[in-house]
Amino acid sequence: MVYIFPTNRAVRAFYAQAPETNRLLPKAYSIQTFFEQALYVEGKVRADSLIRTLCMQEAISFDAFELLHIPKPFMAFVKHSSYLFRFFEELAGEELSFNALYGADTYAQYNEHLNILETVHSRYCKRLDELGYYDSITLSKDSVIDENFIYNSKALTIHHEGYFSGFEYRILSEIAKKIPIFVKMTAVSYNESEVQRIFGTKVDLDFEIEGEWLKKPNYLHQLPSKVEVVCSSFAQRSLQVGFIFDQIARFVEDGVNPEDIVVVLPDESFVDFLKIYDKNHLLNFAMGLSLKETVFYQKLKANQIYLNQPNEESRHRRARLGVIDGWSKAWSEKVDYLTFKGLLGPIDELNLEMKEIVETQMLRFERLFAWMNFIIFGEAISLFLQELSQERFDDVGGGAVTVMGVLETRGSSFKGVIIPDFNESMVPKRSEKDLFLSSSVRSYAKMPDSYDREQLQRYYYHKLLIQAKHKAISYVKNEESIPSRFLHAFETELWTYDSAKLASVFMPEGDSFTPFDEDPKFFHEVTKTPISASRLRVLLTCPRQYYYKYIEKIPY
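382 is the number of the first residue of the sequence shown in the working numbering; add one for each residue after it.
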């Protein structure tokens with residue numbers, strides 16, 4: 382029997398709970414790793430993000446593409462290419478052809494634009510194939526099931542949370558003809574259609590169930606139908622930090638082990654607040670630490686910003702972090718790989734893990750330069766920093782309480798759950814996939830739509846909270862922010878905090894704050910970007926707040 386879980390974290394938890402015996406432990410994989418093991422593409426290797434971007438840029442090199450109003454120059458295209466990749470990946474995931482979309486015809490140029498996208502898709506897939514690569518866009522067409530791997534598994538038990546794409550569902554259905562597949566999942570109103578799809582029948586809701594693929598499942602135990610939570614509202618986002626630490630203390634006082642407490646972030650940018658005020662190192666960050674936080678990255682970034690936008694602010698930042706010799710002269714020049722590598726400077730001061738990350742990126746950029754021969758140095762640096770900004774390394778010095786994103790909670794359960802930022806702007810999380818797919822097109826093509834994605838997110842929060850004994854939610858409530866509509870699904874007990882006392886929880890007595898006496902003076906073109914009503918109100922009522930929020934971009 383092979384066990385399959387939604388995340389690698391759930392796999393680690395499975396092994397941690399296994400009894401200590403002399404017997405071999407059963408094999409377990411995350412669902413992503415399982416598909417990587419179970420499928421292969423003959424004679425091809427998986428393309429990395431740089432190869433994909435280069436192939437996509439070649440694919441858009443025809444005149445009609447300009448009608449989509451996506452920029453074609455390399456660096457500008459890199460910033461917008463995710464829209465194309467997500468669109469093509471979703472079509473591939475649902476195994477839909479472009480013919481399934483043509484009949485929708487939602488606006489005058491719809492078919493013309495769709496024809497352009499189909500041309501891009503065809504050219505992209507052809508170029509990948511010519512180079513001997515495959516990716517998530519071509520996998521559904523080119524992949525083959527590894528029967529040796531499947532038969533050696535003998536049987537599968539899948540702990541399922543979420544949604545199987547059309548491609549994943551087809552592959553699992555084919556595997557189920559070869560070996561038994563058992564699925565264990567929670568049946569609630571939010572995932573009722575997925576439950577019926579997997580077991581081929583309707584089931585009673587609010588149960589933990591398990592059964593064989595496309596057969597009636599067994600009911601393991603009933604779940605509570607209501608979720609009771611403590612919730613609090615705050616005028617400022619940062620005050621939620623005090624709420625989090627206060628709730629952690631209360632949970633521990635009630636006998637909850639800190640290792641059984643999780644802080645779940647709908648928006649992972651909230652990590653920045655937690656890191657500032659976690660002075661006692663109570664928290665560990667499951668998502669790891671961003672390479673953007675390292676001095677190495679910030680020095681490169683400061684030099685890049687100055688050379689792109691030379692002003693007083695960027696000049697002082699670069700002077701503080703260090704001027705890199707040779708960049709100014711080379712910035713607009715075409716360079717080869719050796720020159721690019723030399724201008725980056727030494728990486729010996731990085732620790733081993735970060736050094737390996739940077740060296741891996743350098744190897745990828747060596748292939749990039751081999752492809753393009755010469756690249757304008759400023760563009761190469763911008764792309765290099767973009768790639769580095771996606772990299773993370775382990776939080777090795779963290780505490781007992783775990784901080785993670787919503788998706789990482791799949792397959793895990795905790796006795797204490799704290800969720801900040803439970804606002805309408807963040808819960809449910811919006812998707813970027815709908816740039817080319819409106820709700821009417823999705824409905825026409827029978828694709829998952831915004832309602833389906835919202836139900837899926839409701840399921841994640843419901844499953845996480847219903848398993849916990851202690852639950853607390855906070856949100857920002859002011860002129861710009863309202864609580865999420867998801868909150869209406871819970872039985873809430875409203876707690877009110879004194880803001881001054883709450884601040885003392887994470888800013889203990891003795892810490893001091895010295896305000897700036899002088900007013901910042903800064904030339905800023907207000908109309909350079911579209912100005913919203915709220916932004917204009919801030920500018921007119923408090924220029925200092927406008928400066929910190931919109932120019933310095935300091936969160937509050």
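Quick reminder that beta carbons are idealized off the backbone N, C-alpha and C, glycines included.
Remember, it's a predicted structure, so these values are computed and weren't measured experimentally.
Residue from the options whose Cα sits closest to the Cα of residue i
i, options, result
"phenylalanine 469", "Ile518, Pro598 and Asp635", "Ile518"
"arginine 631", "Gly797, Asp833 and Ser770", "Gly797"
"serine 546", "Lys810, Phe416, Glu475 and Asp585", "Glu475"
"glycine 786", "Leu769, Val808, Glu609 and Gly778", "Val808"
"aspartate 879", "Ile642, Ser614 and Ile531", "Ser614"
"valine 383", "Ala394, Leu406 and Arg393", "Leu406"
"tyrosine 678", "Leu749, His461, Asp648 and Met735", "Met735"
"tryptophan 876", "Lys852, Val644, Val777 and Ala440", "Lys852"
"alanine 485", "Lys850, Asp830, Glu861 and Ser824", "Ser824"
"glutamine 628", "Leu702, Glu835 and Ser855", "Ser855"
"asparagine 389", "Tyr488, Leu788, Glu737 and Ile642", "Leu788"
"proline 639", "Glu493, Ala473 and Thr783", "Thr783"
"threonine 675", "Ile686, Asn732, Asp706 and Asp648", "Asn732"
"tyrosine 600", "Phe817, Val739 and Val564", "Val564"
"tyrosine 514", "Pro829, Pro924 and Ala428", "Ala428"
"glycine 883", "Phe479, Tyr658 and Ala557", "It is worth fixing the name first, because residue 883 is leucine in this sequence and not glycine. Cα-wise, what sits closest to leucine 883 is Tyr658."
"leucine 749", "Ala394, Gln398, Gln438 and Ile385", "Gln438"
"glutamate 768", "Pro400, Tyr396, Glu737 and Ser430", "Ser430"
Local conformation of residue i per DSSP, three classes
i, result
"isoleucine 800", "strand"
"asparagine 529", "helix"
"histidine 602", "strand"
"valine 645", "strand"
"glutamate 692", "One detail in the question is off: residue 692 reads as asparagine in this sequence, not glutamate. DSSP places asparagine 692 in coil when its eight states are reduced to three."
"alanine 489", "coil"
"serine 855", "strand"
"proline 400", "coil"
"methionine 753", "helix"
"cysteine 923", "coil"
"phenylalanine 624", "helix"
"lysine 522", "helix"
"tyrosine 687", "helix"
"tyrosine 544", "coil"
"threonine 720", "helix"
"serine 946", "Shown here, the chain extends from 382 to 937; a query on residue 946 therefore has no answer."
"methionine 735", "helix"
"serine 514", "Note on residue identity: the sequence assigns tyrosine, not serine, to residue 514. Three-state DSSP puts tyrosine 514 in a strand."
"methionine 785", "strand"
"alanine 568", "strand"
"threonine 388", "coil"
"leucine 509", "helix"
"threonine 873", "strand"
"arginine 551", "helix"
Residues near residue i by beta carbon distance below 6 Å, same chain, minus five either side
i, result
"lysine 844", "Thr567"
"serine 794", "Gln848"
"histidine 602", "Glu589"
"histidine 461", "Ile451"
"tryptophan 594", "Ala557 and Ile562"
"aspartate 830", "Ser820 and Arg823"
"lysine 408", "Val383"
Nonlocal neighbours in the same chain, by C-beta distance under 7 Å from residue i, ignoring five residues either side
i, result
"serine 709", "Leu688"
"tyrosine 840", "Val569, Tyr571 and Asn572"
"histidine 502", "Phe469"
"lysine 715", "Phe755, Ile756 and Ile757"
"alanine 440", "Val501, Arg504, Tyr505 and Arg508"
"serine 812", "Arg834"
Cutoff 8 Å; reference residue i; Cβ partners in own chain excluding five residues on either side
i, result
"proline 387", "Ser411, Ile412, His540, His541, Glu542, Gly543, Arg791 and Gly792"
"arginine 773", "Met668, Gly669, Leu670, Ser671 and Leu672"
"serine 713", "Ile757, Phe758 and Gly759"
"leucine 604", "Thr567, Val569, Asp587, Phe588, Glu589 and Ile847"
"aspartate 527", "Gln418, Ala419, Leu420 and Tyr421"
"glutamate 805", "Ser862, Ile863, Pro864, Ser865 and Arg866"
"arginine 698", "Ala683, Ile686 and Tyr687"
Anticipated Cβ contact below 8 Å, residue i with residue j, distance rounded
i, j, result
"lysine 930", "valine 919", "7 Å"
"alanine 826", "leucine 477", "6 Å"
"glycine 780", "asparagine 665", "6 Å"
"alanine 473", "phenylalanine 548", "7 Å"
"leucine 764", "valine 459", "6 Å"
Beta carbon proximity, residue i to chain B, threshold 8 Å
i, result
"serine 524", "Chain labels in this structure do not include chain B; a single protein chain is all it has."
Three or more C-beta pairs below 8 Å linking the segment 615-630 and the segment 794-805:
yes
Three-pair Cβ contact test at 8 Å for the segment 529-547 versus the segment 501-518
no
Pair every Cβ in the segment 411-419 with every Cβ in the segment 545-561, then say whether three or more of these pairs are closer than 8 Å.
yes
Touch test, the segment 649-660 against the segment 745-755, Cβ-Cβ under 8 Å, three pairs minimum
no
Any contact of the segment 434-453 with the segment 497-505, i.e. 3+ C-beta pairs under 8 Å?
yes
So, do the segment 593-612 and the segment 858-875 have three or more beta carbon pairs nearer to each other than 8 Å?
yes
Taking one C-beta from the segment 428-445 and one from the segment 458-473 each time, how about it: are there three or more such pairs within less than 8 Å?
yes
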